[in-house]
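Asker: I have a structure I would like to understand better, so I am pasting it below and will then ask my questions one at a time.
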Amino acid sequence: MNEELAASWNPGRGLAAWLGEVRHTVIGIRFVVTAFAFFIAGGIEAAMMRLQLAHADSHLIGPDLYNRLFTTHGSTMMFLFAVPVMQGVGTYLVPLMLGARNLAFPRLSAYSYFTYLIGCLLLYAGFFLRAAPDAGWFAYTPLSGPAFAPGKRVDVWAQMITFTELSAMATAVNLVVTIFKHRAPGMTITRMPLFVWAFLVTSFMIIFAMPAVMIASSCLALDRLVGTQFFNHAEGGDHLLWQHLFWFFAHPEVYIIFLPALGMISAILPPFTRRKVIGYDLVVLATVTTGFVAFGVWVHHMFATGLPQLGESYFTASSLIITIPTGVQIFCWLATLWGAPIRFAPPLLFVLGFFVTFIVGGLTGVMLASVPIDLQVHDSMFVVAHLHYVLIGGSVFPLIGAIYYWFPKATGRLLSERLGKWSFWLLLVGFNVTFFPLHVLGLHGMPRRVYTYLPESGWSPLNGLATAGAAVIAASLIVTLVNIVASLRRGAVAGDDPWAADSLEWLTPSPPPPYNFAAIPVATSRAPLWESGGRLDFVSGLATNHREVLVTTLLEGAPDHRVPSAGPSIWPFLASLVTGVAFIVSMFRPWGLPLAIVLGIPVMFGWFWPRRLAARAPAVASREVAT
Amino acid sequence: MTWAASSALAPAGPQAARLAHLTWVFIVVCAIVYLVVLVALAIAIGGRRSTAVDERRRLRVVLAGAGVTALVLVALLIATVATGHGLNPMRGAHDVLTARVIGRQWWWEIQYPGAAPDQQVSTANELHIPVGRPVLLELVSRDVIHSFWVPALHGKRDLIPGHDSTVYIQADRPGVFRGQCAEFCGAQHAKMGVLVIAEEPAQFEAWLANQRRPAAPAAELAGVEARRGQELFLNGTCPMCHTVAGTRAAATQGPDLTHVAARATLGAGSLANVREHLERWIADAQAFKPGSEMPPTPLPAADLSALLAYLETLR
């Protein structure tokens, strides 16, 4: 029976099978690996900038290259690393945690990956052709407009945005439907793992936030290509409009990167404290609240533009309020840790690193929410410090913890704990040495995005210290990289459940078979692996001779019906290529879009052409779905 | 001199003082909160092990923590609104001096209004203000978005094309305060500095009166070399971008040079204004500030020396 299942879910061999792969485990790993590759690229750019800034009046890097470096660094970390890596982790883990065999729309996830990959390649092709964007990851008009940014640099940026956000939206829709309709029977919405809640809220945020920036980047591309005047004040356009559209996306973006990391923490704490997270309801409510309030704070990036004081006070208040739900989650985790029999393995160490570093970023965030303080520190090195404390402290620490935690599930091998501890301590020290001094530099007047500074400024010692810290961060990441490569070959075999954890992904072998679960488990509690007494019920009756998945009801998770799940297909890859043609040609010629429509119609026909179910042997008698 | 006080925590005027005060309040409150949370974390992971968990009691503690957080935030919000109130427009400002600050890629044009058009003063990268008197700055951008930031006097204010704005500053003591463009504005965003020079009122009036004088006519120039320098200046490429009041050089692409020798810096606050720097700046500004609009002007040594002699008369 399992052989028949494996045969049904096996994509086959060869290039076509590789390109046609639609299993979420494969797509998820592709996302994570690609995102980390670009994390390394973005890190190299950061290291080059830190070398240039190590002392005053350095002539290592000129202004033009420096401006391309910081723009590419910011764009890479936000659009090619942070969001895709989180979505990749979600793509890999959410179906496993739900006891599902695949995502709701397998082909859409393949399309999402290839579209993202083309966006990545576009930005770096631009970088190596000296056409990397140089107007900042925020691309404020008019500096990014046709008058002040001739050439194709900003077009590369604008279309890269459209690619990656399209990809993010596709994955978000996929995750929402999977979470709502493909949970294991018995997993009511209030029994869902907190990790899944975090991804549910994040996905909704992506669906609402990304259109703003896609519209903005498309309008900018139109201004540059066909002379629309959306952002030309002389023709009735408005530069503040760009800022509003951009930050309406870009502030929720921070939480889109941050909430999944909080979900990781909620997943990592139980096995290392031997207890469930205290305050499940509070953590869920806090996550949902954050998702809403995150859309009401964007103007705190624009305090220096001079809004009326009443408006500014409103956004100060909302930016302060958003601290409360995050605070509630932190308190819940402290309550969980309190007096627990803790095992200090690398995943937990990185979570503790989150507490030590992220809270600094959260508190400087409170300072930035205050208009008068923001007027001084806005666009200074202080903000550089703040945002790295939030993004590295808040997201990268838990993310690396998550790598140490789920690597055994994905590969079947454990990472070395000794190297993990080395990596953790190096990162903790290196990170703080690099970024804490930037707070002081900002308060002493050092602006952001400067390629050099005067020797008389007295900023050299702290900048030199920061550069030294960056070397320690690099060492930490190299240790983890070595750990990953070495453990893939020689790591200890993990077994199904090396951490004695509580959620469903640990029920299946490591790495999971192509069909995830030989039989779909029935979840009867929030920690099904802990509270079942080792005996879970299973669903029988799903077809094994073709890809079939179970659909359950939205709130109760009651079995509803069975549907075939899409098999391997080359069409998503071709659709991504057409998308690529559309966006890349339209950087140069307006007929890019009509061309894409002409090419896209046959591809859509191919994708959606009704086919006979690819059933293998005569179907095994399908029985009633039983719980 | 190119450098001067530029710390937000060493204020020299009433607005910056209010901002610095609030900043310290926040720093202290945030430091206390951080310590409390870290101590809680240390006790949580290092304290006594307890297997029995009274979840309801712990939840009450969590909610109490959220309540305390909310109270602290309300207090910080009140402090914020109280500080913000009266920053712009400046509360109780009278006898206000008005000046105009124009952001350009990559320098600051500073204008003081005059009773007649020829009484208007235009200078660059140097804002002179009288001590103790509020100054209303009209902020205008000619190209992209810039942000005017002199940390010792006030926070930032953006210069957005199409959205002219104003900001009040005031210096309480004489001194030189350095500012810098704080919104990324292109290739030379890094070298777009400005000096604010706060002087006693009499000194300021004398400076302003001097700025209103046109340059000396050719006949009054002392020395043959300076006179030849003026000829070189007027017949070369310089008047295509620069103004020297009293001559036919009247272009406004680059900084007004009528009193260039009296200024402290070259290249928007990034090079001390001494003969040797000026010489290098004229010969090849791109070597020092790549991307700036000033083209390289290779001249024979004798011509360059004459030109410098002329420019040094423009005091």
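If you're matching them up, the sequences are chains A and B in order.
Mapping the first sequence onto the numbering used here, position 581 (from 1) lands on 779, and the numbers just tick up by one.
Mapping the second sequence onto the numbering used here, position 122 (from 1) lands on 127, and the numbers just tick up by one.
For every residue, glycine included, the Cβ atom is placed at its ideal position computed from N, Cα and C.
Keep in mind it's a predicted model, so treat the numbers as computed, not measured.
(1) How many Å lie between Tyr290/A and Ala396/A at the Cα?
(2) Grab the span of the alpha helix (DSSP H) containing Tyr173/B for me, first residue to last.
(3) Comparing the C-beta of Leu251/A with each C-beta of chain B, is any distance below 8 Å?
(4) Below 7 Å on C-beta distance, what does Thr514/A contact in chain B?
(5) Excluding the 5 residues flanking Val482/A on each side, which residues of the same chain have their C-beta closer than 6 Å to its C-beta?
(6) When the Cα of Thr883/A is compared with those of Val495/A, Pro383/A, Cys530/A and Val526/A, which residue comes out closest?
(7) Run down chain A in chain order and give the residues with a C-beta less than 8 Å from the C-beta of Tyr39/B.
(8) Output needed for Arg280/B: all residues of its chain with C-beta closer than 8 Å, excluding positions within five of it in sequence on either side, in chain order.
(9) Residues in its own chain within less than 7 Å of Thr678/A by CB, not counting five upstream and five downstream?
(10) Measure the C-alpha to C-alpha separation of Arg333/B and Ala80/B and round it to an integer number of angstroms.
(11) Output, in sequence order along the chain, the residues in the region 182-195 of chain B whose CB is closer than 9 Å to any CB in chain A.
(12) Would you check if the region 441-457 of chain A and the region 277-292 of chain A touch, i.e. whether three or more CB-CB distances between them fall below 8 Å?
(13) Along the chain, where does the alpha helix (DSSP H) containing Thr485/A start, and where does it finish?
(14) Take Ala817/A and list the residues in its own chain whose beta-carbon comes closer than 7 Å to its own, dropping the five residues that flank it on each side.
(15) Is there at least one Cβ from chain A nearer than 8 Å to Gly89/B's Cβ?
(16) May I ask you to list the residues that DSSP assigns as paired with Asp577/A?
(17) Please check if any C-beta of chain B sits within less than 8 Å of the C-beta of Arg473/A.
(18) Less than 8 Å between the C-beta atoms of Pro544/A and Gly618/A, yes or no?
(19) Anything in chain A within Cβ reach of Cys35/B, meaning under 8 Å, just list it in chain order.
(20) For Tyr117/B, which three-state DSSP category applies?
(21) So the candidates are Asp353/A, Tyr651/A and Leu612/A; which of them puts its Cα closest to the Cα of Gly198/B?
(22) Can you give me the start and stop residues for the beta strand (DSSP E) that Ile134/B sits inside?
(23) In three-state terms, what does DSSP make of Ile520/A?
(24) So, do the region 297-315 of chain A and the region 414-423 of chain A have three or more beta carbon pairs nearer to each other than 8 Å?
(25) Measuring alpha carbon to alpha carbon, tell me which of Ala192/B, Ala17/B and Gly184/B ends up nearest Thr269/A.
(26) Examine the Cβ distances between the region 181-195 of chain B and the region 138-157 of chain B and report whether three or more of them are shorter than 8 Å.
(27) For the beta strand (DSSP E) that contains His759/A, what are its first and last residues?
(28) Could you work out which residues of chain A lie near Pro156/B, taking near to mean beta carbons separated by less than 7 Å?
(29) When DSSP builds the beta bridges, which residues end up paired with Thr103/B?
(30) Return the first residue and the last residue of the beta strand (DSSP E) that Thr750/A is part of.
(31) Taking all protein chains shown into account, decide if Asn215/B is buried (16 or more other Cβ within 10 angstroms of its Cβ) or exposed.
(32) To be precise: take each residue of the region 118-131 of chain B, compare its Cβ to all Cβ atoms of chain A, and keep it if any distance is under 7 Å. Which residues remain?
(33) Does the beta carbon of Arg54/B come closer than 8 Å to any beta carbon on chain A?
(34) Count the other CB atoms within 10 Å of the CB of Leu203/A; is the residue buried (16 or more) or exposed (fewer)?
(35) Start and end of the beta strand (DSSP E) containing Ile837/A?
(36) With a threshold of 8 Å between beta-carbons, can Thr313/A be considered close to chain B, or not?
Answerer: With the given structure in hand:
(1) Between Tyr290/A and Ala396/A, the C-alpha separation is close to 15 Å.
(2) Unbroken run through Tyr173/B is the beta strand (DSSP E), Ser170 to Ile174; no alpha helix (DSSP H).
(3) By this cut-off, Leu251/A is not an interface position.
(4) Per Cβ cutoff of 7 Å: Leu82 and Thr85.
(5) Excluding five sequence positions before and after Val482/A, the CB atoms of its chain that fall closer than 6 Å to its own CB belong to Trp395, given in chain order.
(6) As shown, chain A starts at 199 and ends at 825. That puts residue 883/A outside it, with no answer to give.
(7) Residues of chain A whose Cβ lies closer than 8 Å to the Cβ of Tyr39/B are, in chain order, Ile557, Val558 and Leu561.
(8) Here the set comprises Leu313 and Glu317.
(9) Excluding sequence neighbours, Thr678/A sits near Ile598 and Ser621.
(10) Since the displayed chain B opens at 6 and closes at 320, residue 333/B lies outside it and no answer follows.
(11) Going along the region 182-195 of chain B in chain order, one finds Arg183, Gly184, Gln185, Cys186, Ala187, Glu188, Phe189, Cys190, Gly191, Ala192, Gln193, His194 and Ala195 with a Cβ nearer than 9 Å to chain A.
(12) At 8 Å Cβ cutoff, the stretches touch.
(13) Secondary structure note for Thr485/A: its alpha helix (DSSP H) is the uninterrupted segment Tyr478 to Val491.
(14) Any reading at Ala817/A must be qualified, since the residue scores a pLDDT of 43, below 50, and its modelled position is unreliable; the value itself is stated next. Excluding sequence neighbours, Ala817/A sits near Ala741 and Asn743.
(15) Taking 8 Å as the CB threshold, Gly89/B lines the interface with chain A.
(16) In the DSSP output, where bridge partners are listed per residue, Asp577/A has none listed.
(17) Closer than 8 Å: yes.
(18) Contact: yes.
(19) Residues of chain A with a Cβ closer than 8 Å to the Cβ of Cys35/B are, in chain order, Leu561, Thr562, Val564 and Met565.
(20) DSSP, read as helix, strand or coil, puts Tyr117/B in strand.
(21) The shortest CA-to-CA distance from Gly198/B to any of Asp353/A, Tyr651/A and Leu612/A is the one to Tyr651/A.
(22) Ile134/B -> beta strand (DSSP E) spans Glu131 to Pro135.
(23) Assignment of Ile520/A by DSSP, reduced to helix, strand and coil, places it in the coil class.
(24) Touching, no, given that fewer than three Cβ pairs across the two stretches are closer than 8 Å.
(25) Among Ala192/B, Ala17/B and Gly184/B, the Cα nearest to that of Thr269/A belongs to Ala192/B.
(26) Yes: at least three Cβ pairs fall under 8 Å.
(27) Counting along the chain, the beta strand (DSSP E) containing His759/A begins and ends at Pro757 to Pro762.
(28) Ordered by position in chain A, the residues that pass the 7 Å Cβ test against Pro156/B are Gln574 and Gly643.
(29) According to DSSP, Thr103/B shares a beta bridge with Leu141/B.
(30) From DSSP, the beta strand (DSSP E) with Thr750/A extends over Glu746 to Thr750.
(31) For Asn215/B, the number of other beta carbons within 10 angstroms of its own is below 16, and it is reported as exposed.
(32) Residues of the region 118-131 of chain B with a C-beta less than 7 Å from any C-beta of chain A: none at all.
(33) The Cβ of Arg54/B sits closer than 8 Å to at least one Cβ of chain A.
(34) Counting the other CB atoms within 10 Å of its CB gives Leu203/A a total of 16 or more, which places it among the buried residues.
(35) Residue numbering for chain A in the displayed model covers 199 to 825; residue 837/A lies beyond these limits and cannot be assessed.
(36) Answer no: the Cβ-Cβ gap between Thr313/A and chain B never drops below 8 Å.
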